[in-house]
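Taking it in order: structure first as structure tokens, then the write-up.
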Amino acid sequence: MIRVILLNLLLISSYYFLSAQDFTKPDCYILVDSVSGDLDKDGIKELVVAYNTQEEVDFESVPRELIIYKTSGKEWTIWKRSKLALYSSRDGGMMGDPYGSMEIEKGILLINQNGGSSWKWGFTDKYRYQNGEFYLIGYTSFGGKLCEYWESVDFNLSTGKINVSKEYENCENGDQSIYKTESESFFEKGLKITLQNRQEKTIKITSPKYNHQIYISAGQ
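When you line the sequence shown up against the numbering used here, it's residues 333 to 552, in that order.
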């Protein structure tokens with residue numbers, strides 16, 4: 333109940349913020365969340381909005397679109413948009429909606445998504461505006477299951493460095509304990525992923541030491 337109330341308050345505050353300037357959303361789109369901040373270091377805040385592309389019906393999963401607006405006087409105009417940066421509204425598995433949050437920190441756009449049931453997963457994408465596009469410069473993720481294992485990944489796409497750690501758990505006799513840890517660092521350079529092509533194709537990286545399968549993108 334508290335989560336529902338907080339979500340409603342968030343949507344109400346987002347509505348009044350958007351209404352402060354002339355703002356037109358695409359036909360039939362439903363607001364999910366919004367955040368504002370300076371993304372291109374011009375001293376003027378941009379507006380990032382996550383939408384459902386249609387109204388949800390029962391338990392049908394609805395595709396989403398991320399749209400970034402620039403302000404021109406008293407009007408918001410569409411600057412960038414992507415239908416591949418956000419999972420659909422029911423892609424979180426048993427947890428339902430995979431959307432977590434959006435933030436803008438020091439010009440970097442962060443998008444959090446998560447889901448699962450007993451097996452859980454989550455990741456954060458970090459985008460920076462450069463050379464006319466929003467490029468993925470950072471990717472962090474976690475995944476696993478209680479009493480099985482937990483894996484964390486930290487990928488700096490700017491340097492190519494990947495840190496991966498996997499902790500194996502044992503829950504015999506009701507006691508949870510880590511009995512093995514596999515950690516390694518290595519480099520994977522040359523990946524160019526943008527906001528527009530984020531989940532366009534499957535991107536899998538295999539770690540050289542422990543052969544961990546790291547999925548940066550699951551594909552469409």
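Think of the CB as a built atom: it goes at the ideal place given N, C-alpha and C, for glycine as much as any other residue.
What is the DSSP secondary structure of E504, counted as helix, strand or coil?
Position 172 of the sequence shown, counting from 1, holds the residue named residue 504. In the structure shown, E504 sits in a helix (DSSP, three-state: H, G or I).
Confirm, please, whether the CB-CB distance from A382 to L371 is below 8 Å.
Along the sequence shown, read from residue 1 onward, the residue named residue 371 stands at position 39. Along the sequence shown, read from residue 1 onward, the residue named residue 382 stands at position 50. Not in contact: L371 and A382 (Cβ atoms no closer than 8 Å).
Under the criterion of a Cβ to heavy atom distance below 7 Å, does I400 qualify as lining the ligand COA?
The ligand COA is absent from the structure shown, which contains no ligands of any kind.
Beta-carbon proximity list for S509, same chain, < 6 Å, skipping 5 on both sides
Taking the first residue of the sequence shown as 1, we reach residue 509 at position 177. Around S509: N502.
Does DSSP put G425 in a helix, in a strand, or in coil?
Indexing the sequence shown from 1 puts residue 425 at position 93. Looking at G425 - three-state DSSP - the assignment turns out to be helix.
Am I right that E516 and Y542 are in contact with their C-beta atoms under 8 Å? What's the rounded C-beta distance?
In the sequence shown, the residue the question calls residue 516 occupies position 184. In the sequence shown, the residue the question calls residue 542 occupies position 210. At roughly 6 Å, the Cβ-Cβ gap stays under 8 Å, so E516 and Y542 are in contact.
Have a look at N495, M427, Y481 and G375 and flag the residue whose alpha-carbon is nearest the alpha-carbon of G470.
Position 138 of the sequence shown, counted from the start, is the residue given in the question as residue 470. Nearest C-alpha to G470: N495.
Keeping to the same chain, check which residues put their C-beta closer than 8 Å to that of E387; ignore five residues upstream and five downstream.
For this step, residue 387 is matched to residue 55 along the sequence shown. Excluding positions up to five away in sequence, the list reads C360, I362 and V394.
Which same chain residues, not among the five before or five after S420, have their C-beta less than 7 Å away from its C-beta?
In the sequence shown, the residue the question calls residue 420 occupies position 88. The residues are S393, V394, P395 and R396.
So M427 and S449 are in contact, right, with Cβ under 8 Å, and what is the actual spacing, rounded?
If you number the sequence shown from 1, residue 427 lands on position 95. If you number the sequence shown from 1, residue 449 lands on position 117. Contact holds; Cβ gap of about 7 Å.
State the DSSP-derived secondary structure class of S449, mapped to helix, strand or coil.
Stepping through the sequence shown from its first residue, residue 449 is reached at position 117. Correct three-state label for S449: coil.
Please report the straight-line C-alpha distance between D365 and S484, rounded to a whole angstrom.
Within the sequence shown, numbered from 1, the residue matching residue 365 stands at position 33. Within the sequence shown, numbered from 1, the residue matching residue 484 stands at position 152. Cα to Cα, the separation comes out at about 27 Å.
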